[in-house]
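Below is one structure, written out as C-alpha cells; comments come after it.
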Amino acid sequence: MESSLPASPPTAALAAVGGDQPLLSLRAISKNFGAVQALSGVNLDIPTAQVTALIGDNGAGKSTLIKTIAGIWAPSEGDIFWNGEHVTIKTPREADELGIATVYQDLALCDNLDIVANMFLGHELLRHRLLDENVMETSAKETLAGLSVTTVKSARQLVESLSGGQRQSVAVARAVMRDAKLVIMDEPTAALGVSQTAQVLGLIRRLADRGIAVLVISHNLNDVFSIADVLAVMHLGRMVHSGPISDYTPQSAVEIITTGKFSGDSSNLKTNQVEISRETTHDQ
Ligand SMILES: Nc1ncnc2c1ncn2[C@@H]1O[C@H](COP(=O)(O)OP(=O)(O)OP(=O)(O)O)[C@@H](O)[C@H]1O
Ligand SMILES: [Mg+2]
Numbered sequence: 589m590e591s592s593l594p595a596s597p598p599t600a601a602l603a604a605v606g607g608d609q610p611l612l613s614l615r616a617i618s619k620n621f622g623a624v625q626a627l628s629g630v631n632l633d634i635p636t637a638q639v640t641a642l643i644g645d646n647g648a649g650k651s652t653l654i655k656t657i658a659g660i661w662a663p664s665e666g667d668i669f670w671n672g673e674h675v676t677i678k679t680p681r682e683a684d685e686l687g688i689a690t691v692y693q694d695l696a697l698c699d700n701l702d703i704v705a706n707m708f709l710g711h712e713l714l715r716h717r718l719l720d721e722n723v724m725e726t727s728a729k730e731t732l733a734g735l736s737v738t739t740v741k742s743a744r745q746l747v748e749s750l751s752g753g754q755r756q757s758v759a760v761a762r763a764v765m766r767d768a769k770l771v772i773m774d775e776p777t778a779a780l781g782v783s784q785t786a787q788v789l790g791l792i793r794r795l796a797d798r799g800i801a802v803l804v805i806s807h808n809l810n811d812v813f814s815i816a817d818v819l820a821v822m823h824l825g826r827m828v829h830s831g832p833i834s835d836y837t838p839q840s841a842v843e844i845i846t847t848g849k850f851s852g853d854s855s856n857l858k859t860n861q862v863e864i865s866r867e868t869t870h871d872q
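At position 53 of the sequence shown (counting the first as 1) the number is 641 in my numbering, and the numbers step up by one without a gap.
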C-alpha cells in the first residue's frame, strides 16, 4: 500500500511500438512470494491491435506477470496504466471491467455444457427471467463466424467433444464477445498438434487485426516469429529486452532467453530499461 509516486506515464518507450499510446503499460512492477522475487522492476508497453509475445525460460516470471495484469496477484510494487490512466487491478472482475480477458491453459471451460453456454457462462442473457437461448446462440455463432472459427460443427456441441484448438477458440470467442480490449493467452498452443496450432495462431492474428491487443506467452519461437509484432523477453524476473519483432532473430531471442543479454550488435535492440526513474532493488 505504501506506494511512492506513480512512475511517469508511458511516453518515450512508445517509439518501440510505433508511436501510439499503449493500451496497457507496466512500470517497475515487482512481485515477491515470500523470499522468492518473481518479478523485479518490470516495464512493458502493450500496444493495441498488435500481438505482443512474452517469452522467457521456465520460471522467468511470465505467468506471474500476466497474473498481475489479470488481477490475480497484486504487485508488491509498481504502477499500471490503462490508456495512459493510472489504475490498480485488484481482482479478476476489475480486469474484466477494464476489458482484460485472460485465457489460461486449463481454460476453465465446463465440459458438460455446450459452446453457447460456455461463451455466456456467468453473463447469461435473460428474457422474462428465462435464459434467452436463441439470442445467445445467434450471438455465439456470429462471434465464432466473425473470428472464422469454422471447424466446430454446431454451437450446441458439448465442449467435452471439442479438440484442444477448438476449445481455445471457444475461450477466445468468449473474450471477444465480452468486448475484451486485451486478450492474454498463456501458452495457447502448448498442447496442440500442427493443424490446431495453425488454427489458434490464425485466430490470434485475427484478434489483433480486429483492433484487439493480444499478449501471448509462448515457448515456441516458430509460433512467436510467425505471429508477433512485438517481442518481450524475460529473464529471472526481469524484462530484459522488448521491441518490434523485426529487431530480433530466433537466434538473438534464444540468446536473450538463456543469458538475459545479447552479445551481438545490440544497437538496434531496444532495451526495456528506458525511463524507469526508480531503479528497483529488493531484498529477498
Ligand atoms: N504462487 C507462488 N508461490 C511461490 N512462488 C511462486 C508462485 N508462483 C510462481 N512462483 C515463483 O515465481 C517464479 C516465476 O514463476 P512463473 O510461473 O511466473 O514463471 P514462468 O515464466 O511462467 O515459467 P514457465 O515457463 O515454466 O511457465 C518462479 O521462481 C516460481 O517458482
Ligand atoms: Mg508459466
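Glycine is no exception: its CB is placed at the ideal position from the N, C-alpha and C atoms.
Nearest Cα to M822 within the set V802, V760, S727, G644: G644.
Put simply, the backbone Cα of V764 is about 11 Å away from that of L791.
Sorted by position in the chain, F621, V624, A626, G644, N646, G647, A648, G649, K650, S651, T652 make up the residues whose C-beta lies under 6 Å from a heavy atom of ligand 1. In the DSSP assignment, D667 falls outside any alpha helix (DSSP H) and within the unbroken beta strand (DSSP E) covering 665-670. Judged by DSSP in its simplified three-state form, L824 adopts coil rather than helix or strand. With a 10 Å radius around the Cβ and a threshold of 16 neighbouring Cβ atoms, P838 comes out exposed. Sequence-distant partners of E775 (beyond 5 residues in either direction) whose C-beta falls short of 8 Å from its own C-beta, in its chain, are Q693, I805, S806, H807. By the C-beta density criterion, E748 is exposed, having fewer than 16 other C-beta atoms within 10 angstroms.
By DSSP's assignment, M707 forms no beta bridge with any residue. Taking 8 Å as the upper bound for CB-CB distance, L701 and L746 are in contact here, some 7 Å apart. Within its own chain, the residues whose Cβ lies closer than 8 Å to the Cβ of K650, once the five positions on either side in sequence are excluded, are L642, I643, G644, D774, I805, M822, listed in chain order.
With contacts defined by Cβ atoms closer than 8 Å, I660 and L770 do not form a contacting pair.
Using a C-beta cut-off of 8 Å, the stretch 829-846 makes no contact with the stretch 662-670, since fewer than three inter-stretch Cβ pairs fall below that distance. Counting C-beta atoms within 10 angstroms of its own C-beta, T690 has 16 or more neighbours from the protein chains shown and is therefore classed as buried.
I703 is not a Cβ neighbour of A733, given a cutoff of 8 Å. Remark: the C-beta of D811 is outside contact range of ligand 2, defined as less than 7 Å to any heavy atom. Here P635 really is in contact with V818; their C-beta atoms are around 7 Å apart, less than 8 Å. The beta carbon of D767 sits no closer than 7 Å to any heavy atom of ligand 2.
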